[in-house]
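Take a look at the structure set out below.
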Amino acid sequence: MPVAPGKPFFVAFSRRPFWGGRMILFGPAGVPLSSPSRNSEDGVREVKRLGLDLMEVEFVRGVNMSVASAAALGKVAAENGVALTAHGPYFINLCSEEEDKVEASVKRILDTARRCHQFGGRSVTFHAAFFQKKGPEEVFECVAGQMKDILETLRSEGVTVALAPEVTGKPSQFAGIDELTRLAQAVPGLSVCIDFSHHAARLAGQENNYEGFCRALQMVKDRLGPGALRNLHMHSSGIEWTPKGEKKHHRLAESDFKWKEMVRALVDFEVGGMMVCESPAMEDDALILKAEYLKRLKAKKR
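Letter by letter, the sequence shown follows residues 3 to 304 in the numbering used here.
Here it is as structure tokens:
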């Protein structure tokens with residue numbers, strides 16, 4: 003079934019909305035490990051069987067999905083009531099010194115967004131740039147310019163997915179929550195992806211607590227408006243860090259990441275959107291996060 007520009011598959015096939023409101027959807031970063039195959043369609047069915055709500059399609063090694071495969075995936079996702087997001091390739095640097103690498107990076111973001119639109123996904127995230135020898139403001143202006151051009155291209159094609167650059171885990175990478183929220187202010191139509199584990203690691207644990215998570219959410223609310231918290235693309239996992247930032251992802255139970263305090267902050271700020279779990283036991287930890295969230299949500303409503 004063809005999809006008209008701006009008309010994701012879930013509009014055609016699903017009776018319930020996937021996105022927005024005051025609820026968070028939870029799911030794994032990629033096909034669940036328990037899936038009978040590594041096929042994305044089987045992954046969606048497994049997400050449904052597990053009692054999870056979403057799956058992030060991982061294009062981290064390249065956008066190798068055909069248009070026909072995207073159409074089939076979108077149909078299965080809508081029929082199963084599973085929301086989809088996408089993660090762009092790791093090989094993206096919008097501010098590289100080499101022009102061919104910049105052009106390739108732009109193409110990777112465009113291709114990820116096009117496929118995401120074709121399978122009815124709502125949001126695309128990616129790591130935008132590295133600082134290398136450039137100063138923070140130079141990189142900021144560079145990324146802002148590229149984002150404006152990319153969004154203009156996508157909108158001219160009728161591609162309506164959100165572009166949400168991700169909070170990265172190392173200070174050598176662009177960018178933290180401060181820079182990303184300023185970027186979204188500077189580029190109309192741009193969103194953000196808050197990776198709370200990366201946020202904790204990037205600051206070597208300084209904001210790894212309830213107050214720190216609240217400060218992050220308050221910054222999003224103050225700069226991008228309350229609506230941004232109703233449609234927030236998010237990541238989390240257990241994580242290990244050094245003074246230089248992110249070192250390794252871990253299971254929630256094997257990490258110092260204060261995930262329960264993160265969930266508490268999300269409930270207190272009435273955040274809605276999608277939480278993608280990137281831990282090594284991604285579906286297990288996604289279920290743990292969802293259970294904690296529902297428990298706190300129920301307690302808050304009493």
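The beta carbon of each residue, even a glycine, is placed where N, CA and C say it ideally should be.
In this text, all values refer to a predicted model and were calculated from it rather than measured experimentally.
Is the beta carbon of residue i sitting closer than 7 angstroms to the one on residue j?
i: Val163; j: Ile196; result: no
i: Val65; j: Met57; result: no
i: Ala202; j: Phe259; result: yes
i: Val265; j: Glu294; result: yes
i: Phe61; j: Lys292; result: no
i: Leu96; j: Ala131; result: yes
i: Leu153; j: Gly191; result: yes
i: Gly90; j: Arg63; result: no
i: Tyr212; j: Ala301; result: no
i: Ser158; j: Phe133; result: no
i: Gly229; j: Met25; result: no
i: Val59; j: Ala88; result: yes
i: Thr141; j: Phe176; result: Note on residue identity: the sequence assigns Val, not Thr, to residue 141. In contact: Val141 and Phe176 (Cβ atoms closer than 7 angstroms).
Once you ignore the five residues that flank residue i on each side, which residues in its own chain have a CB closer than 7 angstroms to its CB?
i: Ala72; result: Arg117, Gln120, Phe121
i: Ala115; result: Val126, Leu156, Val161, Val163, Leu165
i: Ile290; result: Leu254
i: Ala6; result: Residue placement at Ala6 is flagged as unreliable, the pLDDT there being 38, under the threshold of 50; the coordinate-derived value follows with that caveat. So no residue of the chain qualifies.
i: Glu359; result: Since the first residue shown for the chain is 3 and the last is 304, residue 359 is missing from the structure and cannot be characterised.
i: Gln148; result: Leu96, Val108
So residue i and residue j are in contact, right, with Cβ under 8 angstroms, and what is the actual spacing, rounded?
i: Asp287; j: Met221; result: With a Cβ gap of about 26 angstroms, Asp287 and Met221 do not count as contacting.
i: Pro245; j: Ala188; result: Wrong, their Cβ atoms sit about 30 angstroms apart, outside the cutoff.
i: Arg298; j: Val269; result: 4 angstroms
i: His237; j: Ser193; result: So it is not a contact: roughly 13 angstroms between Cβ atoms.
i: Arg204; j: Lys172; result: 7 angstroms
i: Glu280; j: Ser257; result: Contact flag wrong, Cβ pair sits at about 12 angstroms.
i: Ala85; j: Asp55; result: 6 angstroms
Excluding five sequence neighbours on each side, which residues of the same chain lie with their C-beta closer than 6 angstroms to the C-beta of residue i?
i: Ser107; result: Ile94, Asn95, Leu96
i: Lys223; result: Leu231
i: Ser98; result: Val104
i: Ala283; result: Arg253
i: Ser39; result: none
i: Ser37; result: Asp44, Gly45, Glu48
i: Leu52; result: Glu285
i: Lys150; result: Val189
i: Ala186; result: Leu192, Val194, Leu226
i: Trp261; result: Leu254
i: His247; result: Here residue 247 turns out to be Gly, not His, going by the sequence shown. Result list for Gly247: Gly171, Lys172, Pro173, Ala203, Arg204, in chain order.
i: Met67; result: Arg117
i: Tyr92; result: Val62
Got a sec? Which residues, its chain only, sit under 8 angstroms from residue i by beta carbon, not counting five neighbours each side?
i: Glu209; result: His201, Ala202, Phe215, Arg217, Ala218
i: Cys144; result: Leu96, Cys97, Ala131, Lys136
i: Thr183; result: Val194, Met221, Val222, Arg225, Leu226
i: Leu35; result: Ala283, Met284, Glu285
How do the stretch 119 to 139 and the stretch 148 to 165 stand: do at least 3 beta-carbon pairs fall below 8 angstroms, yes or no?
yes
Contact the stretch 40 to 47 vs the stretch 73 to 82: 3+ CB pairs below 8 angstroms
yes
Beta strand (DSSP E) runs contained entirely in the stretch 17 to 102, provided each spans 3 or more residues
Restricting attention to beta strand (DSSP E) runs no shorter than 3 residues, the stretch 17 to 102 encloses them at 26 to 30, 56 to 60, 85 to 89, ordered along the chain.
Enumerated in chain order, which unbroken segments of the beta strand (DSSP E) with a length of 3 residues or greater are wholly contained in the stretch 195 to 255?
195 to 197, 234 to 238, 240 to 244, 247 to 252
Curious, which full-length alpha helix (DSSP H) runs of at least 4 residues does the stretch 98 to 185 contain?
101 to 120, 138 to 158
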